[in-house]
Structure formats: C-alpha cells, structure tokens
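See below for the structure under consideration.
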Amino acid sequence: MREQRRKLILGMSLGVLSGRPHAAAQGKPRLRVLAWPGYAEPEVIKSFEQSSGASVELTLIDSDLDLWQKMNAKRGADFDVFAVNTAELTRYVEQGLVANIEAGLIPNLAQQLPRFRRSAAIPGVGVGAQTLGVPFAFAEMGLIYDRRQMQRPPDSVTALWDPHLRGRVIAYDGGTHNFSLAAQVLRLPTPFKLAESDWAPAVDRLIALRRNVAGFYTRPEESVALFKRRQAVLMFANFGRQQLLLLKSAGVDADYVIPSEGALAWLDCWVVSSAAQQNTKLAHAWINHLLEQPASHLLTSRQGLGNTTQASADYRADDKLLWLQAVESEERRNLLWGRIISGDRASKVLAT
317 MREQRRKLIL
327 GMSLGVLSGR
337 PHAAAQGKPR
347 LRVLAWPGYA
357 EPEVIKSFEQ
367 SSGASVELTL
377 IDSDLDLWQK
387 MNAKRGADFD
397 VFAVNTAELT
407 RYVEQGLVAN
417 IEAGLIPNLA
427 QQLPRFRRSA
437 AIPGVGVGAQ
447 TLGVPFAFAE
457 MGLIYDRRQM
467 QRPPDSVTAL
477 WDPHLRGRVI
487 AYDGGTHNFS
497 LAAQVLRLPT
507 PFKLAESDWA
517 PAVDRLIALR
527 RNVAGFYTRP
537 EESVALFKRR
547 QAVLMFANFG
557 RQQLLLLKSA
567 GVDADYVIPS
577 EGALAWLDCW
587 VVSSAAQQNT
597 KLAHAWINHL
607 LEQPASHLLT
617 SRQGLGNTTQ
627 ASADYRADDK
637 LLWLQAVESE
647 ERRNLLWGRI
657 ISGDRASKVL
667 AT
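Last residue of the sequence shown: number 668 in our numbering, and the count goes up by one each step with no gaps.
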C-alpha cells in the first residue's frame with residue numbers, strides 16, 4: 317500500500333461522510349466532484365452553484381487508496397473532476413482516466429503564483445505539451461526545532477544525523493520518505509529513483525538515523541507527544557506546518573525551516589476525468605472557480621494548507637520544494653525500512 321500522507325482537516329464540507337455524495341438537485345446540470353475533505357467548502361460549492369446554474373455532487377475520500385478504488389470502480393464514470401497528487405497522477409494517466417486540461421477554459425490560471433504556472437518544472441502534471449492537472453493545494457515536509465534548546469535554526473536535513481543531538485531527534489516511521497531523506501544526505505541526483513548501487517549507502521545512512529533518533533511516529537498527535545516526552549530538539553515534519561501548529565498549541569516554543577537541500581512536498585491537482593464527456597466545460601469551470609480568492613483563502617485559513625494563488629510569508633520564492641514523484645519501488649523501500657527499524661545490521665537488511 318502506498319505511504320499515506322494525512323491531512324489534519326478542521327472542517328467537513330456539507331457534513332458529508334467519506335465516500336457518500338451530497339445529493340444533487342433534480343433538473344439541473346450535475347457536476348460530480350471527488351476530493352479530500354476541506355477542498356470544497358460549503359460556501360464555495362454554494363457560490364459555484366449560483367454562478368453556474370449547476371448542482372454539485374461531492375464525494376469525499378480519506379486516502380490515496382480510496383481515491384484509486386473509486387476512480388477504478390467504473391473507469392471513472394461516476395466522476396467529472398477529482399483531486400490527486402502529482403506522485404499518483406501518472407498511474408491515472410496510464411489507465412486512461414484523465415482528460416487534457418484546456419487552459420483557455422480556466423482564465424484564473426493567470427492568477428497562480430509563478431512557481432505553479434511553470435508546469436514543465438513540476439513532474440507529473442503534464443505529458444509533452446499537454447497539461448493534465450492544475451495545482452491547487454500543497455504542503456512540504458520541513459524541519460521543526462525547539463527554539464529554547466536550539467538558538468540557531470538548522471539549515472540542512474543532515475541535522476537529523478547530528479551526533480550532538482543523539483537521543484533528541486524525532487523522525488517519521490515510513491520507508492518511502494526516509495529513503496528519500498537518505499538520498500538527499502548522499503546528494504544523489506534525485507531522491508525518488510535509487511540506482512542499484514545506491515541501496516547499500518542509503519541503508520547505512522538510515523541505520524545511522526535509527527541510532528540517532530529518540531522515537532519514530534506515524535501520526536501527527538503521536539509526534540507531539542514524543543517530542544514533549546523525549547524533550548526533543550529537532551523533528552522531521554512529515555505532515556509539515558500542521559505539526560508546528562500542534563506543537564505550539566501544546567506549549568512548545570517551536571519553529572520551522574525548509575532545509576537547504578529542499579523539502580519533500582506533496583502537490584494536489586484538480587484533474588478532469590476522461591469520463592466527464594458532456595460535463596467537460598463544467599469541470600473546467602469548477603477548477604477555475606476553485607482558483608478564485610475565496611476558495612484559496614479557505615484552503616489555507618481553515619485547513620492550514622498552502623494554496624497556489626496567494627503569496628504567503630511562510631514561503632519564499634527561492635525555497636526549494638521537491639514535489640513528490642513515484643519512487644522506483646515502494647515495496648522495496650518499505651521492506652528494507654522494516655528491517656532497519658527492527659534493529660538489523662546492514663548485511664541482514666540487504667539480504668535477499
């Protein structure tokens with residue numbers, strides 16, 4: 317199963333339960349939307365319905381696997397537009413579930429920040445000259461530190477391996493992202509595609525990380541408890557700034573940095589289903605509507621996520637964000653990580 321990246325959703329659109337659609341009004345054009353909670357807030361849906369004369373049928377998903385299963389159940393026939401991250405988009409394209417984006421139908425593309433208008437620089441959002449996804453929401457995985465114990469902010473992911481911080485570092489329990497961190501430390505060309513010769517040094521780096529870390533977490537709330545209980549100084553924030561908010565709420569004088577090597581980051585895009593057929597223009601109108609200021613503002617203020625149209629003091633134009641891509645083998649990464657976390661030596665970890 318693919319490594320799940322969870323969002324801390326602060327509100328639920330229309331009170332809809334995951335997987336159950338909001339009923340559309342009869343006698344109107346119907347747009348069928350598949351998305352994460354918080355991406356289509358009630359007031360956003362209402363304003364779209366008023367401006368378009370259509371009704372919105374919203375179905376919520378709670379994981380990448382849930383999204384994949386729903387889109388594959390009937391070859392996407394149940395949905396006109398959906399939200400998916402760039403690391404997953406490729407396999408939807410390969411299955412013929414995605415239609416091309418017609419940029420002329422989305423004038424608000426011009427409102428996006430420069431980094432998101434350069435689609436050629438974002439792996440997975442296009443094939444050749446064709447655009448397949450419109451960036452909408454993002455979050456990066458930076459470093460969180462306790463300002464009372466670390467007066468100087470860390471500037472590199474290598475700080476997680478700092479021997480002076482041994483026993484005072486908290487890290488994420490997941491093979492996919494941890495091998496990407498090891499690739500960054502090893503200065504490999506990309507953190508997402510390890511060559512055969514890269515596996516042994518990457519395993520050595522992760523064994524060293526295991527020895528330096530006080531505890532590993534899988535949930536945001538667990539990371540806060542670990543950070544406080546271990547009196548930690550530094551943490552790899554797999555869930556990004558949402559963890560920073562949780563730590564501050566728990567009384568920790570925490571701050572956040574994006575390391576100089578760049579931060580792993582997920583980017584969700586709106587995509588038109590190849591099954592949209594008669595609703596293609598309506599699907600594009602929906603994407604255009606979601607790029608307007610009210611929807612972007614709510615995404616950030618209510619959900620704590622980055623949006624693609626509004627500048628934020630949290631991000632500098634020169635911050636390096638490494639948009640997640642499909643890795644060479646999630647299965648191998650997670651198998652080896654399971655051996656590493658169990659305390660195996662490198663020779664045993666790599667044994668076939």
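Just so you know, even glycine gets a beta-carbon here, dropped at the ideal spot from N, CA and C.
Do W401 and L637 have their C-beta atoms closer together than 8 angstroms? Note on residue identity: the sequence assigns Asn, not Trp, to residue 401. Taking 8 angstroms as the cut-off, the Cβ atoms of N401 and L637 do not count as close.
For P517, the first and last residue of its enclosing alpha helix (DSSP H): Here the alpha helix (DSSP H) through P517 covers W515 to N528.
Inter-stretch contact at 8 angstroms, needing at least 3 Cβ pairs: the stretch 523-535 / the stretch 407-426: With a cut-off of 8 angstroms, the stretch 407-426 and the stretch 523-535 do not count as touching, because too few Cβ pairs lie within range.
Tell me, please, which residues DSSP counts as bridged to W586. Checking the DSSP bridge columns, you'll see W586 partnered with A399 and V450.
Among N595, R391, Q547 and Q467, whose alpha-carbon lies nearest the alpha-carbon of R348? When only C-alpha atoms are compared, the closest one is N595.
Per DSSP, the bridge partner or partners of G531: Paired residues: I486.
Rounded separation between Y355 and A662 - CA only: If I take the Cα positions, the gap works out to 43 angstroms.
Should Q500 be labelled buried (16 or more other beta-carbon atoms within 10 Å of its own) or exposed? Flag for Q500 reads buried.
Mapping DSSP to helix, strand and coil, what is D571? D571: strand per DSSP, three-state reduction.
Could you check if V450 is buried or exposed, using at least 16 other CB atoms within 10 Å of its CB as the buried criterion? With 16 or more other Cβ atoms inside 10 Å of its own Cβ, V450 counts as buried.
Cβ pair T492, V665 closer than 8 angstroms: Going by C-beta atoms, T492 is not nearer than 8 angstroms to V665.
According to the Cβ coordinates, are I486 and R527 closer than 8 angstroms? No, the Cβ-Cβ distance between I486 and R527 is not below 8 angstroms.
Using CA atoms only, rank isn't needed, just tell me which of K390, R557 and G659 is closest to S745. Limits of the chain in this structure are 317 at one end and 668 at the other, which puts residue 745 out of reach.
Just to confirm before moving on: does the CB-CB distance between L502 and L550 stay below 8 angstroms? Remark: C-beta atoms of L502 and L550 do not approach each other more closely than 8 angstroms.
Just how far apart, CA to CA, sit A553 and Y408? A direct Cα-Cα distance of roughly 28 angstroms separates A553 from Y408.
Per DSSP, what kind of secondary structure is A627 in: helix, strand or coil? For A627, the three-state secondary structure derived from DSSP is coil.
Can you list, in chain order, the residues of its chain with a C-beta nearer than 6 angstroms to that of V443? Leave out the 5 residues immediately preceding and following it. No residues qualify anywhere along the chain.
Among A393, D514 and I657, nearest to A592 - alpha-carbon criterion: The shortest C-alpha separation from A592 is found at A393.
Determine the extent of the alpha helix (DSSP H) in which A599 is found, giving its start and end residues. The continuous alpha helix (DSSP H) containing A599 extends over residues T596 to L606.
Near P337, which residues of its chain fall below 7 angstroms by C-beta distance, leaving aside the five closest residues on each side in sequence? In this prediction, P337 scores a pLDDT of 47, lower than 50, which makes its location untrustworthy; no coordinate-derived value is stated.
Since W602 contacts V397 with CB under 8 angstroms, what's their CB separation in whole angstroms? That belief holds up - the Cβ atoms of W602 and V397 are roughly 5 angstroms apart, short of 8 angstroms.
Going by the beta-carbon positions, is the gap between V519 and I656 smaller than 8 angstroms? Yes; because the gap between Cβ atoms is below 8 angstroms, this pair is in contact.
In whole angstroms, give me the CA-to-CA distance for W515 and I460. Taking the straight line from one Cα to the other gives about 27 angstroms.
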